[in-house]
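Position 261 of the sequence shown, counting from 1, maps to 891 under our numbering, and the rest follow consecutively.
This report refers to the structure that appears directly beneath it.
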Amino acid sequence: MDKRQFLKGSAALAAMTAVRGGLAQSGSGGPRENWAGTFHYSTDNVLQPASVADVQKAITSVDSVRALGTRHSFNGIADSKVAQISTLGLHDFKLDAAAKTVTVGAGIKYGDLAVQLDKAGFALANMASLPHISVGGSIATGTHGSGLRNGGLATSVSGLEIVAADGTVHTLTRAKDGDAFHGAVVSMGSLGVVTHVTLDVEPSYEMTQIVYQALDFHELEHNFEAIMNTGYSLSLFTNWQHHKAWEVWIKRRVDQGGGAAPPEMFYGATLAKEKLHPVVGQGPEKTTDQLNSVGKWYERLPHFKMEFTPSTGREIQTEYFVPFEHAYEAVLAVESLRDQITPHLFVTELRSIAADDLWMSMAYKRRSLAIHFTWKPEWDAVMKVIPQVEAKLKPFTPRPHWGKVNTLAAPQVRAAYPRADDFTQLLKSYDPKGKFVNEYMRHELLG
Ligand SMILES: Cc1cc2nc3c(=O)[nH]c(=O)nc-3n(C[C@H](O)[C@H](O)[C@H](O)COP(=O)(O)OP(=O)(O)OC[C@H]3O[C@@H](n4cnc5c(N)ncnc54)[C@H](O)[C@@H]3O)c2cc1C
């Protein structure tokens, strides 16, 4: 994100009240801010296709364009000076029960997909902290949940339909296209507009969720891997003070013993007896059920319920992936900045992600710890802290989340991705004239 984008972000924050009052609706395209109101898009021209043929027409009608999903990214990744193509009209659903796959329109939200899938007796392997995000936008940015044995959401993708810059439709599958497929899934929206995504599914399962309070960071020094491997998915929440995670959220599958009564203590942390929100002081009504009650997979994997605003609403997010073998050192490095971080922070979440083969995934060939920050909407102060966090994490070759705010520039980001040059070549083969290249891509990756 460059200085101009920071300034746009500040202006958007100042205008937030007006935006939430609905004054920022454009004539044809819906809100002109990202979900958090922290980034103002540069165009009012939002094309709204309802079919693949419409997408082809939309792409060939303009010289420069970006796809737009549910607007949950925090930076300029979806921005365009000329036009955006909203994918929200693409939300069809076709299950192949025999092949254990589902093919969906890329604009479908995970929450809507999950309900249809579960009714048919199937489930996804993982979800992010919220169900409100589109499938196409999530896989484009490497969006993830938690679990050292679980890959990010893009690892469930087994097929893609992409409309490229010249309007041609390309179908890629994991089975047929091998390495090129691995290059195309986490694309930052730069190969074209993904119109359909095929996802692996499995039989539906039930889960429970339990929360422990006050886990001392000393426990991480020797037990980090065992802790992160507990249950099916685990998140640690902290504000970096007192050398502690204030909450540990553990999501357990009933078919893996997750219905059993949980122990009272977990590495010195105490089992919570009431429902909690990850941000201290926020009410638990928005969060998925806890206290070991059994529910469907999609009612436990995300932290937040579909029918409520997730997280805090007015916020800035940043996140860095570091190799899991350096997880504890990286936590100590960030913790050394606690007095600069805490005043501007709602919460930090620590999650683990399995290594994968997707060239531009933040977990490419690296089992990872993801260190996430939900910042208060204090733009200027937060922008002073982020470079300090990045300097502390530099020895660990951090990979910033593609959809969140960071101040790293292309050379440092590229250096963290062994297949960055191959990805640039792939991008040029789909988009030789740079129709999908925007300011974010130039700053963040292409240089
Ligand atoms: C409250 C909150 C909680 C979050 N929690 C998590 C979390 O748990 N884990 C995590 O990893 N991230 C998380 N995020 C980040 C979020 O998952 C990503 O920003 C994701 O990209 C959002 O999807 P979207 O549809 O809103 O994408 P958008 O912001 O609309 O677009 C993101 C990028 O995807 C591209 N894109 C969108 N659709 C398509 C398409 N069909 N074809 C091609 N390109 C496309 C756009 O061009 C753009 O480059 C969270 C964000 C918020 C606001």
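We put the CB at the ideal spot given by N, CA and C, even for glycine.
Check, Outcome
"So, is Ala-957 buried or exposed, given that buried needs 16 or more other C-beta atoms within 10 angstroms?", "buried"
"Using the Cβ count rule (16 or more neighbours within 10 Å means buried), how would you classify Gln-655?", "Low confidence applies here, because Gln-655 scores a pLDDT of 33, under 50, leaving its location unreliable; read the following figure in that light. Exposed is the call here."
"For Arg-1072, which residues in the same chain have their Cβ closer than 8 Å to its Cβ, ignoring the five residues on either side in sequence?", "Ala-1040"
"Is the beta carbon of Ala-984 within less than 6 Å of some heavy atom of ligand 1?", "no"
"Do you know how far the Cα of Gly-719 is from the Cα of Ala-683?", "12 Å"
"CA-CA distance, Asn-780 and Glu-855?", "14 Å"
"For the beta strand (DSSP E) that Thr-803 lies in, which residues bound it at each end?", "799-803"
"Where does the unbroken alpha helix (DSSP H) through Leu-962 begin, and where does it stop?", "957-965"
"Taking His-974 and Trp-927 to be in contact with their CB atoms under 8 Å, please state how far apart those CB atoms are, rounded to whole angstroms.", "Their Cβ separation, rounded to whole angstroms, is 35 Å, which puts His-974 and Trp-927 out of contact at 8 Å."
"Pair every Cβ in the stretch 798-816 with every Cβ in the stretch 963-981, then say whether three or more of these pairs are closer than 8 Å.", "no"
"Just checking Ala-755 against ligand 1 - is the residue's beta carbon closer than 6 Å to any of the ligand's heavy atoms?", "no"
"Quick one: residues in its chain with C-beta nearer than 7 Å to the C-beta of Arg-968, no 5 flanking neighbours on either side, listed in chain order?", "Trp-870, Gln-871"
"Just the C-alpha distance for Trp-665 and Thr-700, rounded to the nearest angstrom, thanks.", "8 Å"
"State the beta-bridge partners of Tyr-950 as determined by DSSP.", "Ile-1001, Pro-1030"
"Sort Glu-915, Tyr-671, Val-815, Phe-867 by Cα distance to Lys-935 and report the nearest one.", "Glu-915"
"Considering only the alpha carbon of each residue, which of Val-823, Tyr-740, His-812 lies closest to Lys-1065?", "Val-823"
"Rounded to a whole number of angstroms, what is the C-alpha to C-alpha distance between Ala-713 and Phe-951?", "31 Å"
"Decide yes or no for the touch test of the stretch 987-997 against the stretch 781-795: beta carbon pairs closer than 8 Å, at least 3 of them.", "yes"
"At what residue ranges does the stretch 824-868 contain a whole run of the alpha helix (DSSP H), taking only runs of 4 or more?", "848-858"
"Rounding to the nearest angstrom, what Cα-Cα distance links Val-1067 and Gly-861 in this structure?", "41 Å"
"Which first and last residues belong to the beta strand (DSSP E) in which Ser-735 is found?", "First, the amino acid is wrong: residue 735 is Gly here, not Ser. Note, Gly-735: beta strand (DSSP E), 731-735."
"Buried or exposed: Met-895, going by 16 or more other Cβ atoms within 10 Å of its Cβ?", "exposed"
"DSSP state of Met-936, grouped into three classes?", "coil"
"Apart from the five residues on each side of it in sequence, which residues of its chain come closer than 7 Å, Cβ to Cβ, to Lys-730?", "Asp-830, Val-831, Glu-832"
"Roughly how many angstroms lie between the CA atoms of Ala-1045 and Gly-925, to the nearest whole one?", "43 Å"
"Quick check: what's the CA-CA separation for Gly-652 versus Gln-839?", "Caution applies to Gly-652, whose pLDDT of 26 falls short of 50 and renders its modelled position unreliable; the value that the coordinates give is listed next. Cα to Cα, the separation comes out at about 36 Å."
"I need the straight-line Cα distance from Arg-662 to Ser-865, nearest angstrom please.", "32 Å"
"Contact check, Ile-715 vs Ala-697 under 8 Å by CB: the rounded distance?", "5 Å"
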